[in-house]
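Undergrad:
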């Protein structure tokens, strides 16, 4: 097995660091909220994690200076939509720069008026608790105000591509 040692700060090490990070499979979620005009806004993330049960909290990362950062900073509320394995087109669409990322996406509005993507395997409606600076990103800490979930395999990201994580593949589950 070949290994490529590199210091993370070394010139040219970023591609290798990205490949090393890619060895860890992550879930795919779309963060949704409303922008200043009340228009639905969404972005794909693979940094979503549970943080705490008491109080229920989650986190995800957003690059500082981005439109997404500005939108979340002002909105202060968001929904984490954990995508199902067949929702790859939504993940791809929400990852592209576009004025209307919701074009053709089936969604409803929550009781609080936030966009919730139809058929996601889990959704978490949250309030921003804090933005914590970490390098060129901020970690968004959110308090979970409500959630829903359903059965079904989630969409995952591994080694630069979308994949499936089926429970039937895990004999010890």
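In this note's numbering, the protein residues as written are 276 to 448. By construction, the Cβ of each residue, glycine as well, lies at the ideal position given by its N, Cα and C atoms.
1. Which residue wins for smallest C-alpha separation from residue 398, given the options 333, 433, 432, 408?
2. Return the CA-CA distance between residue 448 and residue 312, expressed in angstroms with no decimal places.
3. Give me the Cα-Cα distance between residue 287 and residue 293, rounded to the nearest whole angstrom.
4. Spell out the partners DSSP gives residue 400 in its beta bridges.
5. Along the chain, where does the beta strand (DSSP E) containing residue 304 start, and where does it finish?
6. Check each candidate in 387, 342, 300, 438 and name the one with the smallest Cα separation from residue 369.
7. Does the beta-carbon of residue 376 have 16 or more other beta-carbons within 10 angstroms, so that it is buried, or is it exposed?
8. What's the gap between the Cα of residue 322 and the Cα of residue 303?
9. Express the C-alpha separation of residue 353 and residue 335 in angstroms, rounding to a whole number.
10. If you run the structure through DSSP and keep just helix, strand and coil, what is residue 290?
11. Which residues in the same chain have their Cβ closer than 6 Å to the Cβ of residue 432, if we skip the five residues on either side of it in sequence?
12. For residue 407, would you say it is in contact with chain D, using Cβ-to-Cβ distances shorter than 9 Å as the test?
13. Which value, in whole angstroms, describes the spacing of the CA atoms of residue 347 and residue 441?
14. Count the C-beta pairs between the region 359-369 and the region 398-417 that are closer than 8 Å, then say yes if the count reaches three, no if not.
15. Got a sec, what are the start and stop residues for the beta strand (DSSP E) residue 298 sits in?
16. Taking C-alpha atoms, which residue in 324, 419, 307, 361 lies nearest to residue 383?
17. Per DSSP, what kind of secondary structure is residue 341 in: helix, strand or coil?
TA: Reading from the atomic positions:
1. Of the candidates 333, 433, 432, 408, the one whose C-alpha sits nearest the C-alpha of residue 398 is 333.
2. Low confidence applies to residue 448: its pLDDT is 43, below 50, so where it sits in the model is not reliable enough to give any reading.
3. Taking the straight line joining both Cα atoms gives about 11 Å.
4. Answer is 354, 421.
5. That run of the beta strand (DSSP E) goes 304-309.
6. It is 342 whose Cα lies nearest to the Cα of residue 369.
7. Residue 376 should be labelled buried.
8. Rounded to whole angstroms, the gap between the alpha carbons of residue 322 and residue 303 is 8 Å.
9. Spanning the alpha carbons of residue 335 and residue 353 requires a straight line of approximately 11 Å.
10. If DSSP states are grouped into helix, strand and coil, residue 290 belongs with the helices.
11. Closer than 6 Å at Cβ, skipping near neighbours: 301, 303, 321.
12. Annotation note: the requested chain D is absent from the structure, which comprises a single protein chain.
13. Rounded to the nearest whole angstrom, the CA to CA distance from residue 347 to residue 441 is 32 Å.
14. Counting C-beta pairs closer than 8 Å gives fewer than three between the region 359-369 and the region 398-417, which falls short of the contact rule.
15. Per DSSP, residue 298 belongs to no beta strand (DSSP E) and is neither H nor E.
16. Taking each of 324, 419, 307, 361 in turn and checking the Cα distance to residue 383, the smallest one comes out for 307.
17. In this structure, residue 341 counts as coil in the three-state DSSP scheme.
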